[in-house]
Amino acid sequence: MSYRVLIVEDEFIAATEIEYVVAEMGHNPIAIAADQKSALAHAGDVDIALVDLNLRDGPTGIHIGEILAQTHGVTVVFLTANPSQLGDGVPGTIGVMPKPATDYDIREAIDFAVARRVASDAKPPRRLKLFNWGGNPLPN
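Written out as structure tokens, the structure reads:
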């Protein structure tokens, strides 16, 4: 099955590399969003979002991820060079993959996000730090 993926990243080269990986996996990269306004404009059109923290409009990635997950039911994985900014995590989101991330890391993160959407008991990627919400399953 193909999923609609939003890439929230303001660095053009990184964003296009992620877009390539998403498409190569058979998923539909809906958009590359470099700021909060453009990311939230696509909120109702996506299943999965890969979200950086520090964007063109500042450190808005945490808020974007929270809104996408809690309001729109999007499966969110953060991709950032600053994972410590997330503390214990963001409610409703899956976790964080530290950058730099290889194509393989991105594939694993997307595969895990897909597995979480379909409630599969998948093993998380080694480099993905999961957020723990009291043992309850994470929302889709």
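The sequence shown stops at residue 140 when you use the UniProt record's numbering, and every number in between is there.
The beta-carbon is built from N, C-alpha and C at its ideal position, and this holds for glycine as well.
For clarity, every value in this text was computed on a predicted model and none was experimentally measured.
Based on DSSP bridge pairs, tell me the residues matched to residue i.
{"i": "residue 75", "result": "48"}
{"i": "residue 40", "result": "Looking at the DSSP assignment, residue 40 forms no beta bridge with any residue, so it has no partner."}
{"i": "residue 123", "result": "Answer is none; residue 123 lacks a bridge partner."}
Buried or exposed, going by whether 16 or more other CB atoms sit within 10 Å of the CB of residue i?
{"i": "residue 1", "result": "exposed"}
{"i": "residue 23", "result": "exposed"}
{"i": "residue 20", "result": "exposed"}
{"i": "residue 13", "result": "exposed"}
{"i": "residue 60", "result": "buried"}
{"i": "residue 126", "result": "exposed"}
How many angstroms separate the CA atom of residue i from the CA atom of residue j?
{"i": "residue 15", "j": "residue 88", "result": "26 Å"}
{"i": "residue 6", "j": "residue 34", "result": "11 Å"}
{"i": "residue 92", "j": "residue 102", "result": "25 Å"}
{"i": "residue 121", "j": "residue 36", "result": "32 Å"}
{"i": "residue 170", "j": "residue 124", "result": "The question about residue 170 has no answer, for the chain in this structure spans 1 to 140."}
{"i": "residue 64", "j": "residue 26", "result": "25 Å"}
{"i": "residue 51", "j": "residue 118", "result": "20 Å"}
Going by Cα to Cα distance, which pick from the options is closest to residue i?
{"i": "residue 105", "options": "43, 9, 77", "result": "77"}
Check residue i in the structure and name its three-state DSSP category.
{"i": "residue 117", "result": "helix"}
{"i": "residue 107", "result": "helix"}
{"i": "residue 102", "result": "coil"}
{"i": "residue 1", "result": "coil"}
{"i": "residue 15", "result": "helix"}
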